[in-house]
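One structure is given below, encoded as structure tokens.
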Amino acid sequence: DTEVTQTPKHLVMGMTNKKSLKCEQHMGHRAMYWYKQKAKKPPELMFVYSYEKLSINESVPSRFSPECPNSSLLNLHLHALQPEDSALYLCASSQVRGLAGDETQYFGPGTRLLVL
Amino acid sequence: GIQVEQSPPDLILQEGANSTLRCNFSDSVNNLQWFHQNPWGQLINLFYIPSGTKQNGRLSATTVATERYSLLYISSSQTTDSGVYFCAVEEDSNYQLIWGAGTKLIIKP
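Taken in order, these protein sequences are the chains called A and Z. Just so we're aligned, residue 45 is where the first sequence starts under our numbering, counting upward by one. Just so we're aligned, residue 934 is where the second sequence starts under our numbering, counting upward by one.
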């Protein structure tokens, strides 16, 4: 099973709302990622979790708050977003680095977010 | 930091044609992946290929690590091959993929 699932598929929220994006994988991967992708651009890394601990935060504003409750789940909590945060949010997972084997990142289908 | 360049930026072909997409990178890498992003936004892994050659059906890829480039071959194109093809590399096993700008492929019926 090489599937990463994400919910919801689409989300419309106002600037005062609080919402959460969810990601799940059952490949036994211990590294999980959040990316943001704007139209006609490649994905941009936001956060990386390794062994359920935050290991990379690419200077993301605090209105985005990641959480990794266990080795299969990754959440992204959203609060007081701006219209420019509208984008496709992608989750990915992979082997942790330093282990033998390939380092493929597997991506979920994404959540298309619109902030009004 | 490492630079990744993809060419061509756009490619329009008739169904049944063959194509070659190129990815050049500026330093040695230990991870190189090719992805296809379909019109609905799904990023699909095509190949993990830091070196060597792989084939999967109508698709194949070759990475010549010593010369810092990778090629993706698509044979007998189908309309479902349309989308954006990304090459992404990882330099130091640091989780951070560096992405090319992508090649937008349109296959006309």
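Built from N, CA and C at the ideal position, the CB exists for glycine as well.
In terms of beta-carbon proximity, Z/G974 lines the interface with chain A, with at least one pair separated by less than 8 angstroms.
Comparing alpha carbon positions, the residue from A/F151, A/L160, A/D146, A/V159 closest to A/C67 is A/F151. In the DSSP annotation of this structure, the continuous segment of the beta strand (DSSP E) that includes A/E111 starts and ends at 108-114. Nearest Cα to Z/S959 within the set Z/R1001, Z/Y1018, Z/W1032: Z/R1001.
According to the DSSP assignment, A/H54 belongs to the beta strand (DSSP E) that extends over 54-57. Around Z/F1019, the beta-carbon contacts reaching into chain A at under 7 angstroms are P86. A/S137 and A/M76 do touch by the CB rule: their CB atoms are close to 5 angstroms apart, below 8 angstroms.
Fully enclosed beta strand (DSSP E) runs of no fewer than 3 residues occupy 964-970, 976-981, 985-989, 992-997 of the region 963-999 of chain Z, in order along the chain. In this structure, DSSP gives Z/D943 an extended state, which the three-state scheme calls strand. Per the C-alpha coordinates, the member of Z/I1031, Z/G985, Z/G949 positioned closest to Z/L1005 is Z/G985. Each residue's CA atom was taken as its position, placing A/G142 and A/H121 some 29 angstroms apart. In the DSSP assignment, Z/S952 forms a beta bridge with Z/I1007. Taking each of A/M71, A/K63, A/S99 in turn and checking the Cα distance to A/Q139, the smallest one comes out for A/M71.
Beta-bridge pairing by DSSP links A/S94 to A/A75, A/K97.
Excluding the 5 residues flanking it on each side, Z/L965 has same chain C-beta neighbours closer than 6 angstroms at I982, P983, T996, S1003, V1022, in chain order.
DSSP lists Z/V1022 as the bridge partner or partners of Z/I1031.
Under the three-state reduction of DSSP output, A/E88 falls in the strand class. Among the CB atoms of chain Z, none fall inside 8 angstroms of the CB of A/P110.
Taking C-beta atoms as the reference points, A/V104 and A/S130 fail to come closer than 8 angstroms.
Our two residues, A/Q149 and Z/E948, have alpha carbons roughly 30 angstroms apart in a direct line. The beta-bridge partner set that DSSP reports for Z/K1037 consists of Z/D943, Z/V1017.
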